[in-house]
Amino acid sequence: MKVLVTGAAGFIGYHTAKVLLARGDEVVGLDNLNHYYDVNLKHSRLEILRKEPCFEFVQLDLSDRDAIAGLFATQKFHRVVHLAAQAGVRYSLENPFAYIDSNLLGAITILEGCRQNEIEHLVYASSSSVYGANEEMPFSVHHNVDHPVSLYAATKKSNELMAHSYASLYGLPVTGLRFFTVYGPFGRPDMALFRFTKNILGGKPIDIFNFGHHRRDFTYVDDIVSGITSVLDRIPLPNPNWSGNDPDPGTSNVPYRLYNMGNQRPIDLTYYIEVLENCLSRKAKRNFLPKQPGDMLDTWADVEDLVADVGYRPDTSVEDGVQYFVDWYVDYYNIKL
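Residue numbers (this note's numbering): 2 to 338.
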């Protein structure tokens, strides 16, 4: 297939493009290479992807509607994996308009490109953040998620609603994936594992919010990508049992599906840090802080729908996953442990 991967220079986009190329797909990677974090890391990912003869990189901003329309019209994609977005819950408190420009305007240009060019299937990234104020665990796609606690989460919920409208109006097959705390090699520098590793190796304290009383469904990136590619190959169909009298948020009477994508095993943040300390053979200096606005206390994914539909079952332990990240980090930055 010829697949458009947006956010291809990003963390998950890079890993997704690599796997699609390895299995024989042709990949066009799109990214605007913004400076939200070190752009050199993005160039390093692209340098690896560009070694593949079936990879083409296009630098564009998603909000450039004419350029995106032209890209779709000329490239004739079969399917689309839309992973580009302005990430980060806390950054949304500082720069909310970045989330409107990227996550909302960007989403509509992709939806329009898919509609106008009869794309077979659009798979797009949502987030566990949409569960917001929900407290029932584990989080299920069949739960209502109308109470986001950050603007980032609100934009991701909006993406799900926008996708459903296109599935309903135009019959566009769409699948949304709610990712749960993804980590691994070439990860984002603003994520906890990257920041903790950098500070521990530099002898600096690590900030631990909510005094460490968090649990997260940490999910290794290879397990995420395995789910993405499996879902991409499964075009959603309308749910014949769906009823507007008792609407199921996770499915619809149109070709629309939502899935959680997580490890299905919440880990205490303090244990996560202990695993990292063991991998680095160093102890962290811990700076305990109050809970930050927009933070969720716990996340825990119910992935049974994904298990039933595509056989998805994450199998990377947090102990192995953190070690893989540390191995990459010390090699990439040429650090001697």
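Where a beta carbon is used, it is the ideal one built from N, C-alpha and C, also for glycine.
>> Helix, strand or coil, according to DSSP, for Thr317 in the structure here?
In response: Note: Thr317 maps to coil in three-state DSSP.
> Shortest alpha-carbon distance to Pro315 belongs to which of Asp39, Phe180, Asn118?
Replying inline: With distances taken between Cα atoms, Pro315 lies closest to Phe180.
> By Cβ distance below 8 Å, which residues in the same chain neighbour Asn246 in space, the five residues on each side in sequence not counted?
Replying inline: None.
>> With H, G and I counted as helix, E and B as strand and the rest as coil, what does DSSP make of Ser282?
In response: If DSSP states are grouped into helix, strand and coil, Ser282 belongs with coil.
> Looking at the structure shown, is Tyr125 part of a helix, part of a strand, or coil, going by DSSP?
Replying inline: Residue state, collapsed to three classes: strand.
> What does DSSP give as the partner residues of Glu57 in its beta bridges?
Replying inline: Beta-bridge pairing by DSSP links Glu57 to Val29.
>> Measuring straight from C-alpha to C-alpha, what distance separates Glu113 and Phe289?
In response: Rounded to the nearest whole angstrom, the C-alpha separation of Glu113 and Phe289 is 46 Å.
> Out of curiosity, what's the CA-to-CA distance linking Ile109 and Ser127?
Replying inline: Approximately 14 Å, taken between the alpha carbons.
> Are Val6 and Gly30 touching if we call contact CB-CB under 7 Å?
Replying inline: Judged by their CB atoms, Val6 and Gly30 are nearer to each other than the 7 Å cut-off.
> Which first and last residues belong to the alpha helix (DSSP H) in which Arg266 is found?
Replying inline: Looking at the DSSP string, Arg266 is not in any alpha helix (DSSP H), and its letter there is neither H nor E.
> By DSSP, does Arg91 sit in helix, in strand, or in coil?
Replying inline: The answer is coil: DSSP assigns Arg91 none of H, G, I, E or B.
> Over what stretch of residues does the beta strand (DSSP E) that includes Leu5 continue unbroken?
Replying inline: Start and end: 3-7.
> Using the C-alpha atoms, what's the distance from Gly322 back to Val4?
Replying inline: Our two residues, Val4 and Gly322, have alpha carbons roughly 28 Å apart in a direct line.
>> Taking the straight line between their C-alpha atoms, what separation do you get for Gln324 and Ala164?
In response: Cα to Cα, Gln324 sits roughly 37 Å from Ala164.
> Is it true that the CB of Tyr92 sits closer than 7 Å to the CB of Thr156?
Replying inline: Not a contact, by the Cβ cut-off of 7 Å.
> Going straight from the alpha carbon of Asn254 to that of Asn160, what length do you get?
Replying inline: Using only the alpha carbons, I get a separation of about 18 Å.
>> I need the DSSP call for Arg80, collapsed to helix, strand or coil.
In response: DSSP places Arg80 within a strand segment (E or B) once states are collapsed to three.
>> Between Asp249, Glu137, Asn335, Asp332, which has its C-alpha nearest Thr300's C-alpha?
In response: In terms of Cα proximity to Thr300, the closest of Asp249, Glu137, Asn335, Asp332 is Glu137.
>> Restricting to Cα atoms, I'd like to know which of Pro267, Met297, Ile229 is closest to His1.
In response: The structure shown has nothing for residue 1, since the chain only spans 2 to 338.
>> If you measure between the beta carbons of Leu47 and Ala10, is that distance less than 7 Å?
In response: It is a contact, given that the beta carbons lie within the stated cut-off.
> Between Tyr333 and chain C, is there a C-beta pair that is closer than 7 Å?
Replying inline: The structure shown contains no chain C; it is built from a single protein chain.
> Looking only at its own chain, which residues have a Cβ that is under 7 Å from the Cβ of Ile225, when we skip the five neighbours before and after it?
Replying inline: Ile13, Phe180, Val183, Met262.
> What three-state label does DSSP hand Val323 in the structure shown?
Replying inline: Val323 falls in the helix class under three-state DSSP.
> Can you tell me whether DSSP reads Ile1 as helix, strand or coil?
Replying inline: What is shown of the chain runs 2 to 338, which leaves residue 1 out entirely.
>> Could you compute how far the alpha carbon of Val146 sits from the alpha carbon of Thr252?
In response: Going by the C-alpha atoms only, they are around 14 Å apart.
> Can you give the beta carbon distance from Leu123 to Val81, rounded, assuming they're within the 8 Å contact cut?
Replying inline: Leu123 to Val81, Cβ: 5 Å. Contact.
>> Taking the straight line between their C-alpha atoms, what separation do you get for Lys19 and Val319?
In response: So the alpha carbons of these two residues sit roughly 22 Å apart.
> Quick one: complete alpha helix (DSSP H) runs, 4+ long, within the region 179-224?
Replying inline: With a minimum length of 4 residues, the unbroken runs of alpha helix (DSSP H) contained wholly in the region 179-224 fall at 193-202.
>> On the DSSP bridge list, what partners appear for Arg287?
In response: Checking the DSSP bridge columns, you'll see Arg287 partnered with Ile207.
> Excluding the five sequence neighbours on either side, which residues of its own chain have a C-beta within less than 6 Å of the C-beta of Pro174, listed in chain order?
Replying inline: Excluding sequence neighbours, Pro174 sits near His122, Ile236, Pro237, Pro256.
>> Taking its Cβ as the centre, do 16 or more other Cβ atoms sit within 10 Å of His16, making it buried, or is it exposed?
In response: His16 comes out buried.
>> Here's the rule: buried if 16 or more other CB atoms are within 10 angstroms of the residue's CB, otherwise exposed. What is Ile336?
In response: Its Cβ having fewer than 16 others within 10 Å, Ile336 is exposed.
> Nearest to Tyr132 by CA position, among Asn96, Gln117, Asp191, Lys158, is which residue?
Replying inline: In this structure, Lys158 is the residue among Asn96, Gln117, Asp191, Lys158 with its C-alpha nearest to the C-alpha of Tyr132.
>> Can you list, in chain order, the residues of its chain with a C-beta nearer than 7 Å to that of Phe326? Leave out the 5 residues immediately preceding and following it.
In response: So the qualifying residues of the chain are Tyr184, Gly185, Pro186, Gly188, Leu194.
>> Counting C-beta neighbours from all protein chains within 10 Å, is the total for Lys286 16 or more, i.e. buried, or is it exposed?
In response: When all chains shown are included, Lys286 counts as exposed.
> Leaving out five residues before and five after Pro294 in sequence, what residues of the same chain have Cβ atoms less than 7 Å from its Cβ?
Replying inline: Closer than 7 Å at Cβ, skipping near neighbours: Leu94.
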